[in-house]
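Undergrad: FYI, the UniProt record's numbering numbers position 187 of the first sequence as 187, with every residue one higher than the one before it.
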Amino acid sequence: MPELPEVETTRAGLAPHLTGRRVLAATLRRPDLRWPIAPEIAAELPGQRIDAVRRRAKYLLLDTAVGSALLHLGMSGSLRVLPGDTPVRAHDHVDLAIEGGHVLRFNDPRRFGCLLWQAADSVHPLLAGLGPEPLSDTFDGDYLFALSRGRSVAVKSFLMDQKVVVGVGNIYVAEALFAAGISPVREAGKVSRERYRGLADAVRAILGHAIARGGTTLRDFISPDGAPGYFEQELSVYGRGGAPCPTCGRVLKQAMVGQRATVWCGHCQR
DNA sequence: CGAGAGGCCTGAACGC
DNA sequence: TGCGTTCAGGCCTCTC
1 MPELPEVETT RAGLAPHLTG RRVLAATLRR PDLRWPIAPE IAAELPGQRI
51 DAVRRRAKYL LLDTAVGSAL LHLGMSGSLR VLPGDTPVRA HDHVDLAIEG
101 GHVLRFNDPR RFGCLLWQAA DSVHPLLAGL GPEPLSDTFD GDYLFALSRG
151 RSVAVKSFLM DQKVVVGVGN IYVAEALFAA GISPVREAGK VSRERYRGLA
201 DAVRAILGHA IARGGTTLRD FISPDGAPGY FEQELSVYGR GGAPCPTCGR
251 VLKQAMVGQR ATVWCGHCQR
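#1: From the DSSP output, which residues share a beta bridge with Lys253?
#2: Rounded to whole angstroms, how far is the Cβ of Arg110 from the Cβ of Asp95, which I believe are closer than 8 Å?
#3: Figure out for me which residue from Leu70, Ala261, Cys268 has the closest Cα to the Cα of Cys245.
#4: At which residues does the beta strand (DSSP E) containing Ala97 begin and terminate?
#5: Would you mind giving the Cβ-Cβ distance between Lys163 and Gly131, rounded to the nearest angstrom? I have them listed as a contact below 8 Å.
#6: Starting from Gly67, follow the beta strand (DSSP E) in both directions and report where the run begins and ends.
#7: Among residues of its own chain, excluding the 5 on either side of Leu103, which ones have a beta-carbon nearer than 8 Å to its beta-carbon?
#8: Mind checking which residues open and close the beta strand (DSSP E) that includes Leu28?
#9: Determine the burial state of His93: buried for a count of at least 16 other Cβ atoms within 10 Å of its Cβ, exposed for fewer.
#10: Could you pull the start and end residues of the beta strand (DSSP E) that Asp201 belongs to?
#11: Does DSSP classify Phe221 as helix, strand or coil?
#12: Suppose you measure from the CA of Glu6 to the CA of Arg186; what does that come to, to the nearest Å?
#13: Less than 8 Å between the beta carbons of Pro184 and Ala205, yes or no?
#14: Excluding sequence positions up to five away, which residues of its chain have a Cβ less than 6 Å from the Cβ of Ala15?
#15: Is it buried or exposed, Gly101, if we count other Cβ atoms within 10 angstroms and call 16 or more buried?
#16: State yes or no: is the C-beta of Gly241 within less than 8 Å of the C-beta of Val257?
#17: To the nearest angstrom, how far is it from the Cα of Tyr230 to the Cα of Ala212?
#18: From the DSSP output, read off the bridge partner residues of Ala154.
#19: Could you check the C-alpha separation between Leu116 and Gly249 for me, to the nearest Å?
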């Protein structure tokens, strides 16, 4: 399931193949993913040159002069650049034929992803109101502390709120909370400034490390060149409920927090 | 407004 | 072996 590092890895992998090249045609094999595919993908994108491949939160944007294709990989989506005659497989929902003979192919078994359109000089509603990027200068412990005052929600849910900070999904929030020694069920408004500083540092360090390593691979992610990532074995708590804590050896707790599977150490995280 | 629940979707894992 | 059930999860949307 692509989290921010996987999306960034995808962006970096796609950019050399797409930047400066024109989209020649769009092939839609079904009309919708999570939402209907934007009509502009077929009506306006063909003929346009891709000026840049950008990322905002977990969204990818293919910028052209008239607007940007806006993609989200959802949970099971992947994008690959393939020779134009590569046979189509199950769940290959969209092809963008790229100048030079290749095709950008969007595969998404669960169809939690989307392919929308952002007109030039506008901001798509899905991108409006998003919180800061976790690796930007505006994201730090002081920011989290200030925003969390009076919030009774679990700190884990708080950190996964896209209005608070983007791109911190269920895997990395578990790892960051473990690294910072904070219980995921603690009320967001009751975490001290000092501990939020540690948490922000942990988020930065873990995401930065994962990006440098090419992203975590669990079940569904395939990086653009087809090679799987290899970060999984480094996870401390995610997916390890019932196993020993890597620090103290006690059994890791598992429970649902905010309707999400959550694992933590009741001894090391308070 | 905040908090929590619901829903989308399919494949893998599991139980009988 | 085969089939039904459960779970997973990003994140928008609805309800209270």
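The C-beta atom is built at its ideal place from N, Cα and C for all residues, glycine as well. These numbers were taken from a predicted model, which means no experiment stands behind them.
TA: Let me spell this out:
#1: BP columns for Lys253 point to Trp264.
#2: Incorrect: roughly 19 Å between the Cβ atoms, too far for contact.
#3: Cys268
#4: 92-98
#5: 5 Å
#6: Unbroken beta strand (DSSP E) run through Gly67: 67-72.
#7: According to the sequence as given, residue 103 is Val; it is not Leu. Within the same chain, Val103 has close Cβ partners Val81, Leu82, Pro83, Gly84, Thr86, Asp95, Leu96, Ala97.
#8: 23-28
#9: buried
#10: No beta strand (DSSP E) holds Asp201; the alpha helix (DSSP H) holding it covers 193-213.
#11: Reliability fails at Phe221, whose pLDDT of 41 lies under 50, so the model's placement of it is uncertain and the value that follows must be treated cautiously. If DSSP states are grouped into helix, strand and coil, Phe221 belongs with coil.
#12: Within the model, the alpha-carbon separation for Glu6 versus Arg186 is close to 28 Å.
#13: no
#14: Val53
#15: Its Cβ having fewer than 16 others within 10 Å, Gly101 is exposed.
#16: no
#17: Reliability of the predicted coordinates at Tyr230 is poor, the pLDDT of 40 falling under 50, and no value is obtained from them.
#18: Glu187
#19: 47 Å
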